[in-house]
Structure formats: C-alpha cells, structure tokens
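Peer 1: I am attaching a structure below and will ask some questions about it afterwards.
In mature numbering (1 follows the signal peptide of the UniProt record, and there is no 0), the protein residues as written are -29 to -1, 1 to 249.
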C-alpha cells in the first residue's frame, strides 16, 4: 500500500525512536540504574530509568527486552489498585509504544485471553522512596513511581487465566519473590524480560508481539556480601501447569537465548558453586 504523503517510513520511525530513547537515557539520573541493577548492565543498549525500575525497550517487538528492579519490604506498601492507580499510561519518552487499543478484545478471547502483563509488578511500586514520611497518596514523587509502573513500556501481552493470573506460573513466581524470598533475604534485585527468536509470533493490535518465553533472575547477597541467585525460564503457556521451581535454569542458559550478559562485574565461575541454580 502506498505511504500517505508526509508519512514516515518504518525505518525512519525506528531511528527516530532510537534517537528519542538515547536522549531520554542521558537526561536521566545515574543513581537509579545503580540502585536497580546488581552486578553491572547486561547489555549496551539504551536504558530508560524509572523510579521503581530501569528498562531496555525493544522497539521492534514493542516489548521490554530486559528490566531490572530493586526490592525491599517497604516497596510493597502500595495504594489499592483501583481508579488512577490502575490506569495504564503512555511512556513520555516513546512515540511508537503500545496503547490500550492494542489490547482491545484479546482479553475476552477464550483462547488468547491476553492481559496487560507487568514485568515490574504493580505490588513493588510503593514505599516512601524520597524519605519525606509520605506515601503515594500524599506525595507527588511517590505517586509518580506508581504511575510509572503502569507505563506501556513496563507491559507486554500475557495470557491471564493460565500465566499471569492467580494460579499461573508467572503469578506464582512473582508471589514467591515478593513474599518468600524477600522475607528470607530482606533485599532483592530482579532481572526480568522477554525472549524472542527467529520466526513469527502472535501479534495483538498494531504489531505488538507476544513473547513465547519469559525469564526472571532474582538475586540477593549472603551474609558475606556475595551474590546468590535463582534463574527461571518460563514458557508462555495457555494452560496452567507446574510450579516456579520446575522452571529453574542456569543464568548461562538465559544468556544463550537472549544474548545478554548478566552480572558482568562478578566472577560467576568462582561463584557458581554458591548459586541456587546449577
């Protein structure tokens, strides 16, 4: 189909998006990346910094490539997820991100049943992050943190009934991280992301790709300050089955599938025997 007069080509829009992302990165404050990323950045791509997470966004698939967030108990203190706190929002640093219109009708589809899937969960976006004694309901900065958790750049289509809804393995893993592992270790760092490879994918709306695989790597420090971790590779099932522990893999396995390099500042060979995952 001929392009409308004055319309930009896909390649032009792609490079414009990269330019905008690059500007956004240099405009952000470095300490947020230092807070949310343990052991060094896993790639050399452009990183968008948000109060509760940092993300490298994949503009081709319209999905987060990887995202990292830091978690302490106070961050679980979030407003009730209703009204303005449940509203999905456009990311001001992107022009070609998904929109709510892209999800129109797919949640009601008996087979596809895709919902807005958070990579950084809503329930870690709380707390008094600026230390002024106020939470999101009363504080502008902390309110913005909750708003940012609902940015489209933190969302991707996920099967609701069998994957990210109650009883799904994604839901169960998020609960394990937020409750069991955090209560056990007191402080966590999490990498989470999508995995695409060669071939075609299910698509919703305006070319928003549905990831066939997801990963999560949750890390903490032991009593000596040495990093420990669990790594999970999660097939995007449309039928719920299995427990999170059934999907434990090595960090190297996820690196082989993604091309990412996790914990580059650590000597993984010497730490391998201390890791939860073999």
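Here a beta-carbon is modelled for each residue, glycine too, at the ideal position from N, C-alpha and C. These figures come from a predicted structure and were not determined experimentally.
(1) Please report how far the alpha carbon of residue 145 lies from the alpha carbon of residue 127, in whole angstroms.
(2) Residue 2 lies in the beta strand (DSSP E); which residues open and close that run?
(3) Thinking just about the alpha-carbon of each residue, which of 159, 129, 158, 23 is nearest to the one in residue 85?
(4) Just curious, the beta strand (DSSP E) that residue 189 is in, first and last residue?
(5) Where in the stretch 74 to 129 do unbroken runs of the beta strand (DSSP E), each at least 3 residues long, occur, reported from the N-terminal end onward?
(6) Starting from residue 65, trace the beta strand (DSSP E) both ways and give me its first and last residue.
(7) Since residue 204 contacts residue 184 with CB under 8 angstroms, what's their CB separation in whole angstroms?
(8) Can you name, in chain order, every residue of its own chain whose Cβ lies under 6 angstroms from the Cβ of residue 139, other than the five neighbours on each side?
(9) Quick check on the DSSP output: the alpha helix (DSSP H) that includes residue 211 runs from which residue to which?
(10) Any idea if residue 120 is buried or exposed, counting beta-carbon neighbours within 10 angstroms, 16 or more meaning buried?
(11) Give the secondary structure of residue 48 by DSSP, where H, G and I count as helix, E and B as strand, and everything else as coil.
(12) Rounded to whole angstroms, what's the CA-CA distance from residue 214 to residue 196? Just pull it up for me.
(13) Quick check: the stretch 102 to 117 against the stretch 65 to 72, are at least 3 beta-carbon pairs closer than 8 angstroms?
(14) Please report the straight-line C-alpha distance between residue 75 and residue 116, rounded to a whole angstrom.
(15) To the nearest angstrom, report how far apart residue 26 and residue 14 are at their CA atoms.
(16) Tell me the rounded alpha-carbon separation between residue 167 and residue 113.
(17) Looking at residue 82 and residue 47, is the spacing between their C-beta atoms short of 8 angstroms?
(18) Give a yes or no on contact between the stretch 172 to 191 and the stretch 222 to 236, applying the rule of three or more CB pairs nearer than 8 angstroms.
(19) Label residue 235 either buried or exposed according to how many other C-beta atoms from any shown protein chain fall within 10 Å of its C-beta, with 16 as the threshold for buried.
(20) For residue -16, name the three-state secondary structure that DSSP assigns.
(21) In the DSSP assignment, what residue or residues form a beta bridge with residue 28?
(22) Starting from residue 166, trace the beta strand (DSSP E) in both directions and tell me its first and last residue.
(23) Tell me which residues share the same chain as residue 21 and place their Cβ nearer than 6 angstroms to its Cβ, disregarding the 5 neighbours each side in the sequence.
(24) If you measure from the beta carbon of residue 180 to each beta carbon in chain C, is any gap under 8 angstroms?
(25) So what does DSSP say about residue 197, is it helix, strand or coil?
(26) When burial is assigned at 16 or more other CB atoms within 10 Å of the CB, is residue 52 buried or exposed?
(27) Which term fits residue 201, buried or exposed, when burial requires 16 or more other beta carbons within 10 angstroms of its beta carbon?
Peer 2: According to the structure shown:
(1) 16 angstroms
(2) Note, residue 2: premise wrong, no beta strand (DSSP E); alpha helix (DSSP H) at 2 to 7.
(3) 129
(4) 184 to 192
(5) 85 to 89
(6) Here residue 65 belongs to no beta strand (DSSP E), and DSSP marks it neither H nor E.
(7) 6 angstroms
(8) 133, 211
(9) Counting along the chain, residue 211 falls outside any alpha helix (DSSP H), and DSSP gives it neither H nor E.
(10) buried
(11) coil
(12) 29 angstroms
(13) no
(14) 26 angstroms
(15) 11 angstroms
(16) 33 angstroms
(17) no
(18) yes
(19) exposed
(20) For residue -16, the predicted structure reports a pLDDT of 38, less than 50, and the residue's modelled location is therefore unreliable. A value from the coordinates is still provided. Looking at residue -16 - three-state DSSP - the assignment turns out to be helix.
(21) 35
(22) 159 to 166
(23) 119
(24) Given the protein chain composition of this structure (a single chain), no chain C is represented.
(25) coil
(26) exposed
(27) buried
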